[in-house]
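Engineer: Numbering (the UniProt record's numbering), first residue to last: 1 to 312.
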Amino acid sequence: MSVYTSVSFAELASYLEHYNVGALSHYEGISAGVENTNYFVDTDQGRYVLTLVESVSAEKLPFILGLVDHLAVNNLPCAQPIHLNSGELFGELNDKPAVLMNCLSGAPLTKPNNQQALVIGEALAKFHQLSSRLPVEEYSHIPQWCNELGAKLFEKLSKADQDFLSDALMATGEIDWTTLPAGPVHADLFPDNAMFDGNQLSGLIDFYHACSTPYLYDLCVTLNAWCFDEQLNQFDQDKAQQLLASYEDVRPLDPIEHALLPIMMQTAALRFWLSRLRDYHFPTAGEDVTQKAPEGKQRLLKGLIAGNFHIN
Ligand SMILES: Nc1ncnc2c1ncn2[C@@H]1O[C@H](COP(=O)(O)OP(=O)(O)O)[C@@H](O)[C@H]1O
Ligand SMILES: N[C@@H](CCOP(=O)(O)O)C(=O)O
1 MSVYTSVSFA ELASYLEHYN VGALSHYEGI SAGVENTNYF VDTDQGRYVL TLVESVSAEK
61 LPFILGLVDH LAVNNLPCAQ PIHLNSGELF GELNDKPAVL MNCLSGAPLT KPNNQQALVI
121 GEALAKFHQL SSRLPVEEYS HIPQWCNELG AKLFEKLSKA DQDFLSDALM ATGEIDWTTL
181 PAGPVHADLF PDNAMFDGNQ LSGLIDFYHA CSTPYLYDLC VTLNAWCFDE QLNQFDQDKA
241 QQLLASYEDV RPLDPIEHAL LPIMMQTAAL RFWLSRLRDY HFPTAGEDVT QKAPEGKQRL
301 LKGLIAGNFH IN
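1. Distance check for Ile263 and Glu17, CA to CA, integer angstroms please.
2. Helix, strand or coil: which one does DSSP assign to Arg133?
3. Could you check whether the Cβ of Pro108 sits closer than 7 Å to any heavy atom belonging to ligand 1?
4. In this structure, how does DSSP classify Ala182 when only helix, strand and coil are distinguished?
5. I want to check one thing, is the minimum distance from the CB of Gly203 to the heavy atoms of ligand 2 below 7 Å?
6. Is there contact here, the region 202-211 with the region 168-178, by at least three beta-carbon pairs under 8 Å?
7. Can you confirm whether the region 194-204 touches the region 240-256 when touching is taken to mean that 3 or more C-beta pairs between the two stretches lie within less than 8 Å?
8. For the region 193-235, which segments carrying the alpha helix (DSSP H) assignment without a break, of at least 4 residues, lie completely within its bounds, in sequence order?
9. For Thr213 versus Ala182, is the C-beta spacing smaller than 8 Å?
10. Helix, strand or coil: how does DSSP classify Pro294 here?
11. Using only the heavy atoms of ligand 1, determine whether one of them is closer than 7 Å to the beta carbon of Cys227.
12. Going straight from the alpha carbon of Thr179 to that of Tyr215, what length do you get?
13. Does the distance between the C-beta of Ile256 and the nearest non-hydrogen atom of ligand 1 fall short of 7 Å?
14. Secondary structure at Asp238, three-state DSSP: helix, strand or coil?
15. Could you tell me whether the region 223-230 touches the region 122-137, using the rule of 3 or more Cβ pairs below 8 Å?
16. In the DSSP output, which residue or residues are listed as bridge partners for Asn38?
17. Is any heavy atom in ligand 2 found nearer than 7 Å to the beta carbon of Gly29?
18. Is DSSP giving Met1 helix, strand or coil here?
19. Buried or exposed for Lys297, going by 16 or more other Cβ atoms inside 10 Å?
20. Determine, using beta-carbon pairs with one atom in the region 271-285 and one in the region 21-33, whether at least three such pairs fall under 8 Å.
21. Between which residues of its own chain and Thr51 is the CB-CB distance below 6 Å, once the five residues before and five after are set aside?
22. Buried or exposed: Val53, going by 16 or more other Cβ atoms within 10 Å of its Cβ?
23. Give every residue of the same chain whose Cβ lies closer than 8 Å to the Cβ of Asp69, excluding the five residues on either side of it in the sequence, and list them in chain order.
24. Where do the N-terminal and C-terminal ends of the beta strand (DSSP E) with Lys25 fall, by residue?
25. Find the nearest neighbour of Leu270 within the set Pro252, Ala240, Ile305, Thr290, judged by alpha-carbon distance.
26. Can you give me the C-alpha to C-alpha distance between Asp42 and His83, rounded to a whole angstrom?
27. Taking Pro112 as the reference, which of Ser86, Trp145, Ala285, Phe235 has the closest Cα?
28. Could you check if Phe9 is buried or exposed, using at least 16 other CB atoms within 10 Å of its CB as the buried criterion?
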């Protein structure tokens, strides 16, 4: 469970008066998630999810929540922010930006099957089509982000990992990002950020990594996360092919995107190896905090570089 900011019943009841959602009857911290504080919130009108946003500043929320609103209005299955009575998409509780969402049915995935991977490929492509109608705002140049974080972590690593990191930063830094189609993306579409009822997608959640960057990067984050089993150290090539095919049924890749797919998968693996190392070496204090093991992403990156994990 990740709860960084505690909220009392009285504080929450008073905060909910800013919405038209009824009176608080019960609430509990959610046993999942890494970066933000989440609570299930029950009122006499239904169940909601409250997020106290810890991972990004309030200035980014109009972009993030505006993106989610745009997707939801255009019928992409995703959690929908509830508007405050003032019309705003977020408020403030205990000095943190606070977002109330509708509660989706089903559960986040741990081990997605091939059919669910196919469904997510199609949903991601629709996401990119819809987001391409929005302006490119909050641009994130991931290789630069990796370089800066890599420099902070460098002295914490073994000599072997320092050398490995330097080589990976150099190789992934060679992509020319300016040639790639880009727009607002999810940027963290792991199976635990997709709620499913059986094989049916009830909605995408956790948009707090959203930024504008190449669509190919978002696709590669998703391919890595859905097709690589970190415990078994296995890359499921069939599943990856199916996910990619279902994506391309909706949004075919450009030739340049096809050509850069393998190195972009390395970039995506590197990005999450580094953020997990950051969470390990520089943890954020909290009442109850979940971390994900960096080693899984490093093994993925090693397999991608060695050419053992690939899509035909
Ligand atoms: N709209 C929602 N409906 C139902 N459950 C949700 C919703 N949003 C979040 N959750 C639950 O909360 C958990 C943590 O949410 P998440 O946004 O992934 O947190 P974090 O930003 O900390 O990673 C999810 O795994 C899911 O179980
Ligand atoms: N998906 C990332 C961790 C980011 O945390 P999230 O709970 O906000 O998705 C990873 O697996 O490293």
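For glycine and all other residues, C-beta sits at the position ideal for the given N, C-alpha and C. Computed from a predicted model, the values in this text were never measured in an experiment.
Structural biologist: According to the data block:
1. Within the sequence shown, the letter at position 17 stands for residue 17. Within the sequence shown, the letter at position 263 stands for residue 263. Using only the alpha carbons, I get a separation of about 50 Å.
2. Position 133 of the sequence shown holds residue 133. The answer is coil: DSSP assigns Arg133 none of H, G, I, E or B.
3. If you number the sequence shown from 1, residue 108 lands on position 108. Yes.
4. Within the sequence shown, the letter at position 182 stands for residue 182. Ala182: strand per DSSP, three-state reduction.
5. Your numbering for residue 203 matches position 203 in the sequence shown. Gly203: no, Cβ never under 7 Å from ligand 2.
6. no
7. no
8. Taking only runs of at least 4 residues, the alpha helix (DSSP H) segments lying wholly in the region 193-235 are 215-227.
9. In the sequence shown, residue 213 corresponds to position 213, counting from 1. In the sequence shown, residue 182 corresponds to position 182, counting from 1. Their beta carbons are under 8 Å apart, which means Thr213 touches Ala182 by this criterion.
10. In the sequence shown, counting from the first residue as 1, residue 294 sits at position 294. Helix, per DSSP.
11. Here residue 227 corresponds to residue number 227 of the sequence shown, with the count starting at 1. Answer for Cys227: no, Cβ out of range of ligand 1.
12. For this step, residue 179 is matched to residue 179 along the sequence shown. For this step, residue 215 is matched to residue 215 along the sequence shown. Going by C-alpha positions, Thr179 is about 12 Å away from Tyr215.
13. Position 256 of the sequence shown, counted from the start, is the residue given in the question as residue 256. Flag unset: Cβ of Ile256 not near ligand 1.
14. Walking along the sequence shown from the start, residue 238 turns up at place 238. Here Asp238 sits in helix by DSSP.
15. no
16. Here the question's residue 38 lines up with position 38 in the sequence shown. Looking at the DSSP output, Asn38 sits in a beta bridge with Thr51.
17. In the sequence shown, the residue the question calls residue 29 occupies position 29. No, Cβ of Gly29 sits at least 7 Å from all heavy atoms of ligand 2.
18. Indexing the sequence shown from 1 puts residue 1 at position 1. Confidence in Met1 is poor, its pLDDT being 47 and thus under 50, which makes the residue's placement too unreliable to answer from.
19. As a position in the sequence shown, residue 297 is number 297, starting the count at 1. It is buried - the Cβ of Lys297 has at least 16 other Cβ atoms within 10 Å.
20. no
21. As a first step, residue 51 must be located in the sequence shown, where it is residue number 51. Asn36, Asn38, Val99, listed in sequence order.
22. Along the sequence shown, read from residue 1 onward, the residue named residue 53 stands at position 53. Label assigned to Val53: buried.
23. If you number the sequence shown from 1, residue 69 lands on position 69. Gln80, Pro81, Leu89.
24. Translated into the one-based positions of the sequence shown, residue 25 becomes position 25. Checking the displayed sequence, the identity of residue 25 turns out to be Ser instead of Lys. It spans 24-29 - the beta strand (DSSP E) in which Ser25 sits, taken as one unbroken run.
25. For the purposes of this step, residue 270 is taken as the residue at position 270 of the sequence shown. Minimum Cα distance to Leu270 is reached at Ile305.
26. By 1-based counting over the sequence shown, the position of residue 42 is 42. By 1-based counting over the sequence shown, the position of residue 83 is 83. If you take the alpha carbons of Asp42 and His83, they lie about 17 Å apart.
27. For the purposes of this step, residue 112 is taken as residue 112 along the sequence shown, with counting starting at 1. Nearest of Ser86, Trp145, Ala285, Phe235 to Pro112, Cα basis: Phe235.
28. Numbered from its first residue, the sequence shown carries residue 9 at position 9. Looking at its Cβ environment, which holds fewer than 16 other Cβ atoms inside 10 Å, Phe9 is exposed.
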